[in-house]
Amino acid sequence: MSKRKLTLSINDILIKKARNHNINISSFLEIKLQEYLAIIEGSQKLQNESECGRRESNPGRGLGRP
Numbered sequence: 001m002s003k004r005k006l007t008l009s010i011n012d013i014l015i016k017k018a019r020n021h022n023i024n025i026s027s028f029l030e031i032k033l034q035e036y037l038a039i040i041e042g043s044q045k046l047q048n049e050s051e052c053g054r055r056e057s058n059p060g061r062g063l064g065r066p
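Residue numbers (the working numbering): 1 to 66.
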């Protein structure tokens, strides 16, 4: 996987606090973005699965069949 340089604007206080705790801001943001995207994509997947789950499992029942 290749990486690209990106310029972000982040609150100065947050940057200072992160540096005081020796947090690699680039790695941290990359990990958190991956986690957030997994949540979003997972919730969409769950939503799609639940929509499919609402279908009638016995379509013949509506036609008077047991």
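Ideal Cβ positions, reconstructed from N, Cα and C, are used throughout, including at glycine. These figures come from a predicted structure and were not determined experimentally.
At a Cβ-Cβ threshold of 8 Å, residue 25 and residue 13 do not count as neighbours. In this chain, the alpha helix (DSSP H) harbouring residue 16 covers 12 to 20. Under the three-state reduction of DSSP, residue 29 is assigned to helix.
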